[in-house]
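Residue numbers (the working numbering): 5 to 155.
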């Protein structure tokens, strides 16, 4: 081997390793906004106060300064290299201090962060009737005497 090829070999190996690992850049999941549980969203009802909604769902992501009667809860999850993020949007409208209307323009159930597919709900099983207790053993009652007394 010539002196040039001995000097160039490590350089070629390093360049090859760099080019080979260029596509292996880690892209973390980016989660933004209010992650709302469906159970919590379903509890929001007309007539609730602002403080009750804030307790249930947390502080809204957007409180419009030009429309203080509207709270927007927005959630977004960008997973690594996926092009389209998971998004959810929930709007609560107030009249005074009470909820007047609830809108769900884009409420979705986001996938868990651990990149596993969500588990399909188990098929509904018919409810089994409560087990019927066995009949109590019959207790023999002594026969009454003709005068009405029992032994």
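Even for Gly, the Cβ is constructed at its ideal location relative to N, Cα and C.
Contact set for residue i: own chain, Cβ-Cβ below 8 angstroms, skip 5 residues either direction
i	result
residue 48	57, 60, 61, 96, 103 and 106
residue 50	102, 103, 104, 105 and 106
Cβ-Cβ distance between residue i and residue j below 8 angstroms
i	j	result
residue 94	residue 108	yes
residue 101	residue 53	yes
When the options are compared against residue i, the one with the closest alpha-carbon
i	options	result
residue 98	91, 45, 22 and 74	74
residue 45	29, 15, 76 and 20	76
residue 91	40, 68, 31 and 17	40
Residue(s) in a DSSP beta bridge with residue i
i	result
residue 103	98
residue 66	76
residue 84	Paired residue(s): none; residue 84 is not in a bridge.
residue 90	81
residue 35	81
Close beta carbons around residue i, own chain, < 7 angstroms, minus the five adjacent residues each side
i	result
residue 130	Only weak support is given to the placement of residue 130: the predicted model assigns it a pLDDT of 48, under 50, and the value that follows is read from those uncertain coordinates. Around residue 130: no qualifying Cβ.
Please confirm if the stretch 32-44 is in contact with the stretch 74-81, defined as three or more CB-CB distances below 8 angstroms between the two stretches.
-> yes
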